[in-house]
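Student:
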Amino acid sequence: MVASISERDICTLNNGQTLKKYQLTNSLGAQACFYNLGAAWIEFKLAADEPNLVLGCNTAQAFIEQSAFLGATVGRYANRIAHGQFMLDGELVQLERNLAGHHLHGGSTSLAKKIWQSHIELDAQQIPTLTFHCRSQHGESGYPGNVDFEVKIRLTESNCVQFQYSATTDRKTIVNLTNHSYFNLDGHDYGNLDHHAFQIESTDVLSTDDLCIPTGEIVNRAESLLDFSQWRNIKQPLTELTDPLLKPFQGYDHCYCFDSSKRLITMARAKSSRSNRELVCKSDLPGMQFYSANFLQDTAIDASHRYNRHGAFCFEPGYWINSPNHTHFPQCIIDERNGYSAIIEYSFL
């Protein structure tokens with residue numbers, strides 16, 4: 001099979017823009033599909049007749065209407081900023097408060113809600129490559145600076161979906177991007193994670209309050225339900241939801257801390273005993289949010305079906321939650337001379 005990449009128009013949105021879908025296929029027959037809305041990853045199949053392992057809805061309308069950030073490129077600042085405010089060069093920056101008095105995922109002008117410009121090609125190695133571009137204007141949701149974002153996505157011959165992020169600005173600001181894909185290795189609509197086991201290469205976790213706002217403390221959670229140094233199945237903890245580390249969030253929604261040396265490292269793995277599929281997540285970012293889709297039950301698959309709570313998981317590499325308000329956390333400040341760059345990789349075995 002010859003590697004290929006294609007795009008097609010899906011529909012016209014209410015704002016007059018066109019929703020486009022892109023399909024990347026490698027020479028092994030693996031397929032990865034994306035929308036230009038949110039530069040979102042909506043499908044991955046190891047072969048055309050295999051199940052889709054990435055949650056992206058069965059209809060475009062369901063995807064357009066969902067609010068779970070399915071597959072989206074999230075920013076300007078992924079995750080939470082306490083009270084939507086932080087200090088930058090001695091001045092208070094006030095962002096939109098869109099989650100219980102706090103700021104989440106870039107607010108109402110999130111990159112997840114934008115239509116991105118695109119370019120498709122087979123690169124010099126015949127690797128299908130999709131490049132997304134968009135601009136966020138100065139003042140959107142309160143953020144300073146005009147920022148130009150780029151996401152380059154490649155589907156390699158080893159069934160790795162690689163995201164290369166970059167951003168430049170005309171004034172000092174903050175940038176923290178992530179990929180918010182939801183995975184189920186038994187199929188996007190299988191409905192539970194009962195056959196899954198997980199491994200995470202850190203036991204250092206941010207301590208947070210019940211709204212997932214960090215206290216500033218990094219806690220070693222070895223020998224707790226947050227310890228994934230060995231393979232751990234989470235069926236029982238998610239069924240019972242009695243552990244005080246999980247109960248406030250109705251499951252897993254925790255930031256694991258890694259070093260900030262900008263080395264590409266393995267952060268997490270997932271595998272299914274039912275399908276014998278495995279996923280490996282790598283990144284050069286200093287943290288990773290592990291999320292067990294605790295509120296997914298409100299998200300439609302199509303007109304007559306919904307996803308289930310705890311029916312998927314997210315590995316979301318990024319900077320630590322609320323980092324601009326904790327100077328001892330790794331920082332994500334950029335300016336005219338120093339831009340943003342990051343790599344996230346998901347490999348299917």
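Quick note on numbering: UniProt numbering labels position 173 of the sequence shown as 173, and the sequence is numbered without any gaps.
Glycine residues also receive a C-beta, built at the ideal position from the N, C-alpha and C atoms.
Just to confirm the assignment, what range does the alpha helix (DSSP H) spanning Lys-235 have?
Tutor: Looking at the DSSP string, the run of the alpha helix (DSSP H) that includes Lys-235 is 235-240.
Student: Less than 8 Å between the CB atoms is what I'm expecting for Asp-123 and Arg-135, so what's the real figure, rounded?
Tutor: At roughly 24 Å, the Cβ-Cβ gap does not stay under 8 Å, so Asp-123 and Arg-135 are not in contact.
Student: Out of Leu-46, Val-2, Ser-4, which has the shortest C-alpha to C-alpha gap to Arg-277?
Tutor: Leu-46
Student: Please classify Cys-255 as buried or exposed, where buried requires at least 16 neighbouring CB atoms within 10 angstroms.
Tutor: That one is buried.
Student: When you compare only the Cα positions, how much space is there between Arg-171 and Arg-337?
Tutor: 9 Å
Student: Is there contact here, the region 183-195 with the region 231-249, by at least three beta-carbon pairs under 8 Å?
Tutor: yes
Student: With 16 other CB atoms within 10 Å as the buried threshold, where does Lys-21 fall?
Tutor: buried
Student: For Phe-313, which option in Cys-33, Gln-23, Leu-55, His-305 has the closest C-alpha, if you only look at C-alpha atoms?
Tutor: Leu-55
Student: Quick check: the region 26-42 against the region 67-76, are there 3 or more CB pairs under 8 Å?
Tutor: yes
Student: Quick one: which unbroken alpha helix (DSSP H) runs of 4-plus residues sit fully inside the region 194-274? Chain order, please.
Tutor: 235-240
Student: I need the straight-line Cα distance from Ile-321 to Pro-214, nearest angstrom please.
Tutor: Taking the straight line joining both Cα atoms gives about 7 Å.
Student: If you compare alpha carbons, which of Ile-265, Asn-98, Gln-162 is closest to Gly-142?
Tutor: Asn-98
Student: Between the region 242-252 and the region 150-169, are three or more C-beta pairs nearer than 8 Å?
Tutor: no
Student: Which residue's Cα is closest to the Cα of Phe-63: His-305, Leu-206, Ala-78, Val-2?
Tutor: His-305
Student: Compute the distance between the beta-carbons of Gly-251 and Asn-308, then report whether it is under 8 Å.
Tutor: No, the Cβ-Cβ distance between Gly-251 and Asn-308 is not below 8 Å.
Student: Following the continuous beta strand (DSSP E) through Phe-295, name the residue where it begins and the one where it ends.
Tutor: Segment: none, Phe-295 is in no beta strand (DSSP E) and carries neither H nor E.
Student: Please return the same chain residues whose Cβ sits closer than 7 Å to the Cβ of Ser-224, not counting the five positions on each side in sequence.
Tutor: Leu-245
Student: Three or more C-beta pairs closer than 8 Å, one from the region 22-30 and one from the region 99-106: is that the case here?
Tutor: No, the region 22-30 is not in contact with the region 99-106.
Student: Across the region 111-128 and the region 2-9, are there enough close Cβ pairs to call them in contact, namely three or more that are closer than 8 Å?
Tutor: Flag = yes, the region 111-128 and the region 2-9 touch.
Student: Only counting the same chain, and skipping five residues up and downstream in sequence, which positions put a Cβ closer than 7 Å to that of Gln-331?
Tutor: Once the five neighbours on either side are set aside, the close Cβ partners of Gln-331 are Ser-323.
Student: Pull up the CB-CB distance for Gly-287 and Cys-257, whole angstroms please, since I reckon it's below 8 Å.
Tutor: Between Cys-257 and Gly-287 the Cβ distance is about 6 Å, and since that is below 8 Å, they are a contact.
Student: Are the CB atoms of Gln-289 and Gly-318 within a distance shorter than 8 Å?
Tutor: yes
Student: Give me the Cβ distance between Asp-186 and Ser-275, rounded to the nearest whole Å; I'm assuming they're in contact under 8 Å.
Tutor: 5 Å
Student: Express the C-alpha separation of Ser-283 and Glu-345 in angstroms, rounding to a whole number.
Tutor: 6 Å
Student: Assuming Gln-61 is part of the alpha helix (DSSP H), what are its boundary residues?
Tutor: 60-65
Student: Cβ of Ala-78 within 8 Å of Cβ of Asn-176?
Tutor: yes
Student: Sort Ile-218, Met-267, Ile-10, Gly-107 by Cα distance to Val-74 and report the nearest one.
Tutor: Gly-107
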